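**Student:** Quick one: the structure is below, and I'll ask about it shortly.
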Amino acid sequence: MRWVAATCLIALHASAAPALDQIQVERRGELLALSWKDAEDQLQGVLTPAQPRPGEPLRLTLSVGNLQGPPFQGVVTVAFSQEGVPGQVTRTLQRDAVGWSTEFVPPEAGAWDVDVRFLTTRPKALHARFTVSEPPVPLIVWRVLLAVAGVLLIVRVMRAVTQRGVTSEPPSGEPPSGSPPEAPAAPPPGPPSEPVAPPTDPPADR
């Protein structure tokens, strides 16, 4: 009897607890399409832009409908959080002209989760994941970097050629390094010198 009572309590607790279901996320052009359905309800949604960036607002628009019975007009709770940090930003949404919508500015890049909760015949808890990525480097920046790299390469090559020319051509008037010094040049030969007669004594007086 106790075993039967415990089983009933577990079943009641499981039925009251929200069931976490995965929302399908599909990229369609410039937006992310969200879709989910069970035997009782369905959810459609749009997340724009398709590539969220840090510091830029993204917009989430949801449409919740019953498969049978009157249209759903209740409250929808949306929570945005980074992976591993649940419930960072939670908002309670009322139905407007297009459904349930809100804006959110992700502060950092990485994997982000959005949890959607609403109550129809039982609590529904749905989950979707999207990626916030850093913006790509503009093409003009790559062109400037390539131009600067090309100029630096040309300057380096010209400097290397100039230094090579200076070291291979020694200055005029100086012998190249490593060659033995030249002997001084002998003076040019002059005309042959005539022999000089020795001096003679003058004649003695008689």
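Throughout the sequence shown, residue numbering follows mature numbering (1 follows the signal peptide of the UniProt record, and there is no 0), covering -19 to -1, 1 to 187 in sequence. All C-beta atoms in this analysis are idealised placements derived from N, C-alpha and C, irrespective of residue type, glycine included. Quantities reported herein were computed from a predicted structural model and do not represent experimental measurements.
Ignore the nearest five residues each way along the sequence and tell me which others in Val86's own chain have a CB closer than 6 Å to its CB.
**Tutor:** The residue given as residue 86 occupies position 105 in the sequence shown. Cβ within range, chain order: Pro38.
**Student:** Do you know how far the Cα of Thr42 is from the Cα of Ala130?
**Tutor:** To locate residue 130, count along the sequence shown from 1; it is residue 149. To locate residue 42, count along the sequence shown from 1; it is residue 61. Cα to Cα, the separation comes out at about 47 Å.
**Student:** Pull up the DSSP beta-bridge partners for Asp2, would you.
**Tutor:** Here residue 2 is taken as the residue at index 21 of the sequence shown, counted from 1. Answer is Leu107, bridged to Asp2.
**Student:** Does DSSP put Gln75 in a helix, a strand or coil?
**Tutor:** Taking the first residue of the sequence shown as 1, we reach residue 75 at position 94. Note: Gln75 maps to coil in three-state DSSP.
**Student:** Can the beta-carbon of Leu74 be found closer than 7 Å to that of Val97?
**Tutor:** The count along the sequence shown starts at 1 and reaches residue 74 at position 93. The count along the sequence shown starts at 1 and reaches residue 97 at position 116. No; because the gap between Cβ atoms is not below 7 Å, this pair is not in contact.
**Student:** Could you tell me the distance, in whole angstroms, from the CA atom of Thr101 to the CA atom of Phe53?
**Tutor:** Counting from 1 along the sequence shown, the entry for residue 101 is found at position 120. Counting from 1 along the sequence shown, the entry for residue 53 is found at position 72. Roughly 8 Å separates the two Cα atoms.
**Student:** On the DSSP bridge assignment, give the partners of Gly26 in chain order.
**Tutor:** Against the sequence shown, residue 26 aligns to sequence position 45. For Gly26, which the question treats as bridged, DSSP gives the partners Leu15, Leu43.
**Student:** Using the C-alpha atoms, what's the distance from Arg8 back to Arg72?
**Tutor:** The count along the sequence shown starts at 1 and reaches residue 72 at position 91. The count along the sequence shown starts at 1 and reaches residue 8 at position 27. Cα to Cα, the separation comes out at about 24 Å.
**Student:** Looking at the strands, I want to know which residues DSSP matches up with Ala63.
**Tutor:** For this step, residue 63 is matched to residue 82 along the sequence shown. The sequence as given places Gln at residue 63; Ala does not occur at that position. Gln63 is bridged to Val66, Trp93.
**Student:** Using a 10 Å radius around the Cβ and a threshold of 16 neighbouring Cβ atoms, would you call Ala109 buried or exposed?
**Tutor:** Counted from its first residue, the sequence shown places residue 109 at position 128. Classification of Ala109: buried, given that the 10 Å Cβ count is 16 or more.
**Student:** Give me the residue from Gly46, Trp93, Gly36 with the minimum Cα distance to Gly26.
**Tutor:** For the purposes of this step, residue 26 is taken as the residue at position 45 of the sequence shown. Nearest C-alpha to Gly26: Gly46.
**Student:** Could you round the C-beta distance between Gly55 and Phe99 to whole angstroms and report it? I think they count as a contact, below 8 Å.
**Tutor:** For the purposes of this step, residue 55 is identified with residue 74 of the sequence shown, where counting begins at 1. For the purposes of this step, residue 99 is identified with residue 118 of the sequence shown, where counting begins at 1. The Cβ separation is near 6 Å, so the contact holds.
**Student:** Per DSSP, which one or two residues make a beta bridge with Trp82?
**Tutor:** Position 101 of the sequence shown holds residue 82. It should be pointed out that residue 82 corresponds to Ser in this sequence rather than to Trp. Answer by DSSP bridge pairing, in chain order: Thr42.
**Student:** When you compare the CB positions of residue 195 and Pro30, do they come within less than 7 Å of one another, or not?
**Tutor:** The question about residue 195 has no answer here: the residues shown for the chain are numbered -19 through 187.
**Student:** Taking 7 Å as the threshold (C-beta atoms), are Arg40 and Glu84 in contact?
**Tutor:** The residue given as residue 84 occupies position 103 in the sequence shown. The residue given as residue 40 occupies position 59 in the sequence shown. Closer than 7 Å, so yes.
**Student:** Comparing alpha-carbon positions, which option in Ala20, Ala14, Ser44 lies nearest Gln32?
**Tutor:** The sequence position of residue 32 within the sequence shown is 51, counting from 1. The residue with the shortest Cα to Cα distance from Gln32 is Ala14.
**Student:** With a threshold of 7 Å on Cβ separation, who are the neighbours of Gly91 within its own chain once the five nearest residues in sequence on each side are excluded?
**Tutor:** Residue mapping note: residue 91 aligns to position 110 of the sequence shown, counting from 1. So the qualifying residues of the chain are Gln63, Glu64, Val113.
**Student:** So what's Val57 in DSSP terms, helix, strand or just coil?
**Tutor:** Taking the first residue of the sequence shown as 1, we reach residue 57 at position 76. Strand at Val57.
**Student:** Is Val136 buried or exposed, if buried means 16 or more other CB atoms sit within 10 Å of its CB?
**Tutor:** As a working mapping, residue 136 is identified with position 155 in the sequence shown. With fewer than 16 other Cβ atoms within 10 Å, it is exposed.
**Student:** Could you tell me the alpha carbon to alpha carbon distance between Leu133 and Pro116, rounded to whole angstroms?
**Tutor:** On the sequence shown, residue 133 is found 152 positions in, with the first residue counted as 1. On the sequence shown, residue 116 is found 135 positions in, with the first residue counted as 1. Spanning the two alpha carbons is a distance of roughly 28 Å.
**Student:** May I have the straight-line CA-CA distance separating Pro104 from Asp19, to the nearest angstrom?
**Tutor:** Sequence index remark: in the sequence shown, residue 104 carries index 123 (1-based). Sequence index remark: in the sequence shown, residue 19 carries index 38 (1-based). Those two C-alpha atoms are separated by around 13 Å.
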